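Written below as structure tokens is the structure these notes are about.
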Amino acid sequence: MENSNLLSQSVRSRCLPWLASIVYPLGRYLVLPVYFQQIEVTGREHFPTRGPVIIAATHRSRWDALLVPCAVGQDITGRVLRFMVTADEIKGIQGWFIRRLGGFPINTRHPTIAALRHSVELLQQREALVIFPEGNIYRQAADLKPGLARLALQAEASQPGLNVQIVPISIQYSKPLVPWRTAVKIHVCNPIPVAEYVSEHPKQGAKRLTADLERILRSLSI
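Take -15 as the starting number for the sequence shown in the working numbering and just add one per residue.
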């Protein structure tokens, strides 16, 4: 019964523009410059200004959730970012902000149908969805989970001509534990068109897409 209820739960998310207009500039111009010695962003010109996008970022620190908007956030690209986060992060004051900034939870071990459906719906609405494909924080490059590729292919197949694009983003810290005054390099890569993988069997297409994404992200970590 518990599993049945879990599968039937609906997942919703919303972004309050007034809150985003305060939080993101506050992070960009106050919090991040105070904590980090230097933040270098390259490749921002590759980021699509419209259409459905999945931002696939490396995950080395909790700071990543603030650094992704620093690179391609609403006040820079005009795109509202919708974060897929682990269920543990939607708690307390942090959870309050995440939910009102467009974030929504997913159980990474047992994703619910509702959470996956909501993700597809966001892409169908031409939103920009942020996913950390390694699934957790790792100090060094880790194997990517196949969920992102499966989700992207499902969304692309759900609507002819949707043109979902995956944008790999590499976040590299000068010090692994990210202490105060660490330097950061963020690189926004060329988008990967998901439509190029749809003609294959879903399992094979997801496998190849995951491998290609992993190759790109690892090449930037060298």
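Glycine is no exception: its CB is placed at the ideal position from the N, C-alpha and C atoms. Predicted model only: the values in this text are computed from it and were never measured.
Burial state of residue i (16 or more Cβ within 10 Å)
| i | result |
| --- | --- |
| Ile115 | buried |
| Asn(-13) | Confidence at Asn(-13) is low in this model, with a pLDDT of 41, below 50, so the placement of that residue is unreliable and no value is reported for it. |
| Arg101 | exposed |
| Glu111 | buried |
| His171 | buried |
| Arg28 | exposed |
| Val18 | exposed |
| Gln138 | buried |
| Leu3 | exposed |
| Phe20 | buried |
| Arg165 | exposed |
| Thr194 | buried |
| Ser(-3) | buried |
| Trp80 | exposed |
| Ile77 | exposed |
| Thr33 | exposed |
| Asn39 | This sequence places Ile at residue 39; Asn is not what is there. By the 10 Å Cβ count, Ile39 comes out buried. |
| Tyr13 | exposed |
| Gln124 | exposed |
| Glu140 | buried |
| Thr42 | buried |
Helix, strand or coil at residue i [DSSP, three-state]
| i | result |
| --- | --- |
| Ile74 | coil |
| Phe88 | strand |
| Ser(-12) | Note on Ser(-12): pLDDT 38, under 50, position unreliable in the model; the coordinate value appears next. Ser(-12) falls in the helix class under three-state DSSP. |
| His260 | The structure shown does not extend to residue 260, since the chain is modelled only from -15 through 206, so no value can be given for it. |
| Glu24 | strand |
| Arg66 | strand |
| Gln58 | helix |
| Gln156 | strand |
| Val15 | helix |
| Val168 | strand |
| Thr33 | coil |
| Leu204 | coil |
| Asp196 | helix |
| Pro53 | helix |
| Leu161 | coil |
| Arg101 | helix |
| Ser142 | helix |
| Ala80 | Just to set this straight, residue 80 is Trp in the shown sequence, not Ala. Residue state, collapsed to three classes: helix. |
| Arg46 | coil |
Beta-bridge pairing of residue i - partner residues as DSSP gives them
| i | result |
| --- | --- |
| Cys(-1) | Leu85 |
| Ile150 | Ile38, Ile176 |
| Ile6 | Ile6 is not bridged to any residue. |
| Lys187 | Lys187 pairs with nothing; no bridge assigned. |
Whole-Å CB distance - residue i paired with residue j, under 8 Å assumed
| i | j | result |
| --- | --- | --- |
| Pro117 | Lys129 | 6 Å |
| Pro177 | Gly131 | Not quite, the Cβ-Cβ distance comes to about 19 Å (not below 8 Å), so this is no contact. |
| Ala49 | Phe67 | 7 Å |
| Val168 | Glu24 | 7 Å |
| Asn147 | Gly35 | 6 Å |
| Tyr8 | Gly57 | 5 Å |
| Leu106 | Ser154 | At roughly 23 Å, the Cβ-Cβ gap does not stay under 8 Å, so Leu106 and Ser154 are not in contact. |
| Leu197 | Pro152 | 6 Å |
- Fully enclosed by the stretch 108 to 139, which alpha helix (DSSP H) runs are 4 residues long or longer? none
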